[in-house]
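Some notes on the structure that comes next.
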Amino acid sequence: MKKTTLITSLALGGFLLFAGTAAVSAVALDGEKLIQERCSQCHGLRKVERATKDQAGWETTVDRMIGKRAGLLNAEERDAVVEYLANR
């Protein structure tokens, strides 16, 4: 009985570990790709590439762009874009 419980627990634990890893990697967003896909819908990327701002500056700019176009980025996408821009 104990052996069956141990094997079942190990199998379940392994499955949960694998599923958790897959979920984390699926959530990781590519800020650069989002900029290429979304920001270029309204203006050229050269404008974005030339701009030099700190984290707060990019947060303000990205929030302003989101305000101009509803649904442009969700909260997670916004964070990925700001993170990429502030650290490139």
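Counting the sequence shown from 1 gives a position; the working numbering is that position plus 1369. Where a beta carbon is used, it is the ideal one built from N, C-alpha and C, also for glycine. Just so it is clear, the structure is predicted and the values come from calculations on it, not from any experiment.
Output needed for residue i: all residues of its chain with C-beta closer than 7 Å, excluding positions within five of it in sequence on either side, in chain order.
i, result
"threonine 1430", "Lys1422"
"glutamate 1452", "Gly1400"
"lysine 1402", "none"
"histidine 1412", "none"
For the alpha helix (DSSP H) containing residue i, name the first residue and the last one.
i, result
"lysine 1422", "Where lysine 1422 is concerned, there is no enclosing alpha helix (DSSP H), given that its DSSP letter is neither H nor E."
"glutamine 1405", "1400-1407"
"asparagine 1456", "1444-1456"
Compare the beta carbon distance of residue i and residue j with 8 Å and say whether it is the shorter of the two.
i, j, result
"leucine 1414", "alanine 1449", "no"
Which same chain residues, not among the five before or five after residue i, have their C-beta less than 8 Å away from its C-beta?
i, result
"arginine 1447", "Val1431, Asp1432, Ile1435"
Give every residue of the same chain whose Cβ lies closer than 6 Å to the Cβ of residue i, excluding the five residues on either side of it in the sequence, and list them in chain order.
i, result
"tryptophan 1427", "Val1451, Leu1454, Ala1455"
### Query
Are the stretch 1404-1415 and the stretch 1426-1446 touching by the rule of at least three beta carbon pairs closer than 8 Å?
Remark: three or more beta-carbon pairs, one from each stretch, lie closer than 8 Å, so the stretch 1404-1415 and the stretch 1426-1446 are flagged as touching.
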